[in-house]
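Participant: full-length UniProt numbering numbers the first residue of the sequence shown as 1 and each following residue consecutively. This is the structure I have questions about; it appears just below.
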Amino acid sequence: MHAIFVHGLGRTPVSGFPMLATLRRAGIRCQTLGYLAAVEPVDAIVRRLGKHLARLPADEPYVLIGHSLGGVIIRTLLSTSPPPSQLPAHVFLLGSPVQPARLAIKLKTNPLFRLFSGDAGQLLGSAPRMAAIDEPTSLGIPCTVIKGTGGMPTGTKGRKLPPFYGEENDGVVAVSEVTAPWQYNNPLCERVSLPLPHTLLPSSPAVGRVIVALLRSKGLIT
């Protein structure tokens, strides 16, 4: 079993090493895909991910793990026509928006944000572009959505604080931004909530344990 990890905006593959160490101890071969959103358009990152997958052994299953923007990149690849010839056995989305992200919407005209986030930041803040990205389960791929809930306070004494105004969140995205109708009443989709902030989701051995336990329950690893 192989696992390919795609990191989030402004992060590096190093961000996933604690989680990936847990997977490696379970006998999973782990690889990463790095990118720099400030200079690389989303389509170029998606193409590189496709080429990466094409180099995997055809007779061995693999899973994809995407943190935040990384999950959007994974879903974008799976939405291409045609999709990869060898589909993943499972997709894990860690705090990954499936709706436009309110912080990206608020900042998308900010020059510093545009310089830092490039095309990816514009994607995250665009309702039409986000809506055009399909869900993995449409291809029959099982998916686990791991949501962080260790974010900013939602308010006290009736006051709802910005930017989430009472919504449960992980400090970067609200739970509603990583949630979509296809995740409910769907035998191919599981939802897991962990009391972690957004930036620590890929750095948490607890997330690694969730992934290992699920893969064992599905008989994908022993």
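Just so it is clear, CB atoms sit at the ideal spot from N, CA and C, and this is done for glycine as well.
Is DSSP giving THR179 helix, strand or coil here?
Facilitator: Looking up residue 179 in the sequence shown gives position 179. Note: THR179 maps to coil in three-state DSSP.
Participant: With distances taken from CA atoms, which of GLU135, VAL175, LEU200, PRO153 is nearest TRP182?
Facilitator: Taking the first residue of the sequence shown as position 1, residue 182 is located at position 182. When each option's Cα is compared against that of TRP182, the closest is GLU135.
Participant: Ends of the beta strand (DSSP E) at ARG11?
Facilitator: Looking up residue 11 in the sequence shown gives position 11. Segment: none, ARG11 is in no beta strand (DSSP E) and carries neither H nor E.
Participant: By the DSSP assignment, the beta strand (DSSP E) with SER193 in it spans what residues?
Facilitator: In the sequence shown, counting from the first residue as 1, residue 193 sits at position 193. Looking at the DSSP string, the run of the beta strand (DSSP E) that includes SER193 is 189-194.
Participant: From this set, ILE141, GLY10, ALA26, which residue's C-alpha is nearest GLU190's C-alpha?
Facilitator: In the sequence shown, counting from the first residue as 1, residue 190 sits at position 190. Of the listed residues, the one whose Cα sits closest to GLU190 is ILE141.
Participant: Under 6 Å Cβ to Cβ from GLU168, same chain only, skipping five residues before and after it: list those, please.
Facilitator: Along the sequence shown, one-based indexing puts residue 168 at 168. Hits under 6 Å: THR149, VAL175.
Participant: Considering only their Cβ atoms, is the gap separating ASP170 from residue 275 smaller than 7 Å?
Facilitator: The chain is shown only over 1 to 222; residue 275 falls outside these bounds and no answer can be derived.
Participant: THR222 to LEU107, Cα distance in whole Å?
Facilitator: Your numbering for residue 222 matches position 222 in the sequence shown. Your numbering for residue 107 matches position 107 in the sequence shown. Looking at the two C-alpha atoms, the distance is approximately 45 Å.
Participant: Considering just the uninterrupted stretch of the beta strand (DSSP E) at ARG29, what are its terminal residues?
Facilitator: Stepping through the sequence shown from its first residue, residue 29 is reached at position 29. ARG29 -> beta strand (DSSP E) spans 29-33.
Participant: Would you decide whether ARG47 is buried or exposed? Buried here means 16 or more other CB atoms lie within 10 Å of its CB.
Facilitator: Translated into the one-based positions of the sequence shown, residue 47 becomes position 47. Exposed, because fewer than 16 other Cβ atoms sit within 10 Å of the Cβ of ARG47.
Participant: Could you check if ALA37 belongs to the surroundings of the ligand FMN, using beta carbon to heavy atom distance under 6 Å?
Facilitator: The ligand FMN is absent from the structure shown, which contains no ligand whatsoever.
Participant: What residues in its chain sit with their C-beta under 8 Å from that of ALA21, if we drop five residues either side in the sequence?
Facilitator: For this step, residue 21 is matched to residue 21 along the sequence shown. PRO205, GLY208.
Participant: In the DSSP output, which residue or residues are listed as bridge partners for GLY148?
Facilitator: As a position in the sequence shown, residue 148 is number 148, starting the count at 1. LEU194.
Participant: Please work out which residues of its chain come closer than 7 Å, Cβ to Cβ, to ALA132, disregarding the five sequence neighbours upstream and downstream, and give them in chain order.
Facilitator: The count along the sequence shown starts at 1 and reaches residue 132 at position 132. Closer than 7 Å at Cβ, skipping near neighbours: no residue.
Participant: Taking the alpha-carbon positions, what's the TYR62 to ALA89 distance?
Facilitator: Position 62 of the sequence shown, counting from 1, holds the residue named residue 62. Position 89 of the sequence shown, counting from 1, holds the residue named residue 89. Approximately 6 Å, taken between the alpha carbons.
Participant: Report the three-state DSSP secondary structure of ALA4 (helix, strand or coil).
Facilitator: Reading the sequence shown from its first residue, position 4 is the one you call residue 4. Reading off the sequence shown, one finds Ile at residue 4, where the question assumed Ala. Strand at ILE4.
Participant: What ranges does the alpha helix (DSSP H) occupy inside the segment 23-94, keeping only unbroken runs of at least 4 residues that lie completely in it?
Facilitator: Listed in chain order, they are 42-54, 69-79.
Participant: Find out if the Cβ-Cβ distance for the pair LEU56, PRO84 is shorter than 7 Å.
Facilitator: Translated into positions along the sequence shown, residue 56 becomes position 56. Translated into positions along the sequence shown, residue 84 becomes position 84. The answer is no: Cβ separation not under 7 Å.
Participant: So who's on the other strand from ALA174, going by DSSP bridges?
Facilitator: Position 174 of the sequence shown, counting from 1, holds the residue named residue 174. ASN169, per the DSSP bridge assignment.
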